[in-house]
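Engineer: If you're matching them up, the sequences are chains G and A in order.
When we follow my numbering, the leftmost residue of the first sequence carries the number 11, and every step to the right adds one.
When we follow my numbering, the leftmost residue of the second sequence carries the number 67, and every step to the right adds one.
Quick reminder that beta carbons are idealized off the backbone N, C-alpha and C, glycines included.
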Amino acid sequence: MAYPDVFKSPGVVDLAYLESSSFGRSDFILQAIDVLLDQLPEQVADLNQAFLKGDYALVRLSAHKIKSAAGLLGIEPLRETLRQIEAVEPQTVQSTKQLEACVHDVTRICVQAVTELQAERYRYT
Amino acid sequence: MFYTPACKHTGVVMRCIIVDDDELSRLVIENFITQHNALELVGSCASAVEAANLLNQSPIDLVFLDIEMPVMSGMEFVRSLTKRPQIILVTAKEEYALEAFDVDVTDYLLKPVTYGRFLQAVQRAQRQARVSASTEHKNLSHVFVKSDGRLVKVEFDSIRWIEAQGDYVVIRTKDKRLIVHSTMKAIEEKLPSTLFARVHRSYIVSIDQIDGIEDTTILIDREVIPIGSSYRDNLLQRLNTI
Chain G
11 MAYPDVFKSP GVVDLAYLES SSFGRSDFIL QAIDVLLDQL PEQVADLNQA FLKGDYALVR
71 LSAHKIKSAA GLLGIEPLRE TLRQIEAVEP QTVQSTKQLE ACVHDVTRIC VQAVTELQAE
131 RYRYT
Chain A
67 MFYTPACKHT GVVMRCIIVD DDELSRLVIE NFITQHNALE LVGSCASAVE AANLLNQSPI
127 DLVFLDIEMP VMSGMEFVRS LTKRPQIILV TAKEEYALEA FDVDVTDYLL KPVTYGRFLQ
187 AVQRAQRQAR VSASTEHKNL SHVFVKSDGR LVKVEFDSIR WIEAQGDYVV IRTKDKRLIV
247 HSTMKAIEEK LPSTLFARVH RSYIVSIDQI DGIEDTTILI DREVIPIGSS YRDNLLQRLN
307 TI
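(1) Could you pull out every unbroken alpha helix (DSSP H) segment of at least 4 residues lying fully inside the region 216–241 of chain A, listed in chain order?
(2) Have a look at LYS159/A and LEU176/A and give me their C-alpha separation to the nearest angstrom.
(3) Along the chain, where does the alpha helix (DSSP H) that runs through VAL69/G open and close?
(4) Going by DSSP, which residues form a beta bridge with THR157/A?
(5) For a contact meaning CB atoms closer than 7 Å, what does LEU93/A contact in chain G?
(6) With respect to the alpha helix (DSSP H) encompassing PRO51/G, which residues constitute its N-terminal and C-terminal limits?
(7) Please compile the residues from chain G whose C-beta is within a distance smaller than 9 Å of the C-beta of GLN101/A.
(8) Who pairs with MET135/A in a beta bridge, going by DSSP?
(9) Use the C-beta contact count for THR282/A: other C-beta atoms within 10 angstroms, 16 or more gives buried, fewer gives exposed.
(10) Buried or exposed, going by whether 16 or more other CB atoms sit within 10 Å of the CB of ASN300/A?
(11) With 7 Å as the threshold, decide whether the Cβ of TYR27/G is near any Cβ in chain A.
(12) Across the region 97–105 of chain A and the region 121–129 of chain G, are there enough close Cβ pairs to call them in contact, namely three or more that are closer than 8 Å?
(13) Opposite ALA264/A in the DSSP bridges: which residues?
(14) Can you say whether SER30/G is buried or exposed, counting buried as having 16 or more other CB atoms within 10 angstroms of its CB?
(15) Give a yes or no on whether the C-beta atoms belonging to ARG81/A and VAL108/A are separated by under 7 Å.
(16) Would DSSP call THR282/A helix, strand or coil?
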């Protein structure tokens, strides 16, 4: 099923991958959006909590989980930031500050993505 | 995890499972598999532990496996398998490619996986399956079993059925009744899956030897063999019916 361009999101979320993987099944896209709306806020909360606790192994794990969603949603800048988080070894003040900035970026973009997904959801119902 | 009873194990349709702790990634691969006529989705597991249990219950040809999972990673899972189906790794990280080569996987897919790339991986798995099947067919026409203190050669096409009896299995051929100290699982693994079907917790039958089926029983040479309810669908789909 083709979706008119007028419905394409101008924001961070790009559903082109999910659409191309759906074989025209809007129920599949809806199901995927529902999973994302369910898991993305939880994953972002996990990332922030892990950072505040200084549990960097958990920070990397949370980033890895969000990366999967970012890939499916075509959020390229977020994927790059998440790669940086996965690679960071926060042994210095500088790297910890860098990590904090990355976590902040991820949180901001994911909050926007969730808002956009809620709007997108209505277009497939 | 969801699980469907074994079916269509014909050598043409590959029976698959997905192992990934990410629900969305599972959803995408599930959708790809359901679009493919030569693949049957048997189960979708959120952990390697669930997958290990499923592999013990049902013959699986192909596993779509994530690497980074809690408790047991995909690589640990692959290394833990004694009887290994084909493995296609599905991961968001490129750096496991070398390790993947070491454990001899069929293919390595990077998330997000496109359907085109998925198809390539499946075609590679199908090619390997054909090679394995032809090797199995060429090399194995019989099995040696220890019975009455000696090794006895049993041709596969002579076996009618096999039944469990306590710690033993009884192999029934046209003119022999061989009692072998073995489990059903162990003997099932020695038989070509294209020729034999598990039809009950205690029975394996040669598909070619079946004379008829009535509700919950099989008739082979006037002997009646029960069909377990969880094995019935699998059996019926493997028969050449009109």
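Structural biologist: Quick answer:
(1) Whole alpha helix (DSSP H) segments, 4+ residues: zero.
(2) 7 Å
(3) 66–82 is the extent of the alpha helix (DSSP H) around VAL69/G.
(4) As computed with DSSP, THR157/A is found in a beta bridge with LEU176/A.
(5) GLN41, ALA42 and VAL45, listed in chain order.
(6) 36–63
(7) PHE33
(8) Partner(s): none; MET135/A has no beta bridge.
(9) THR282/A counts as exposed, since fewer than 16 other C-beta atoms from the protein chains shown sit within 10 angstroms of its C-beta.
(10) buried
(11) yes
(12) no
(13) Inspection of the sequence shows that residue 264/A is occupied by Arg rather than by Ala. Bridge partners of ARG264/A: ILE270/A.
(14) exposed
(15) yes
(16) If DSSP states are grouped into helix, strand and coil, THR282/A belongs with coil.
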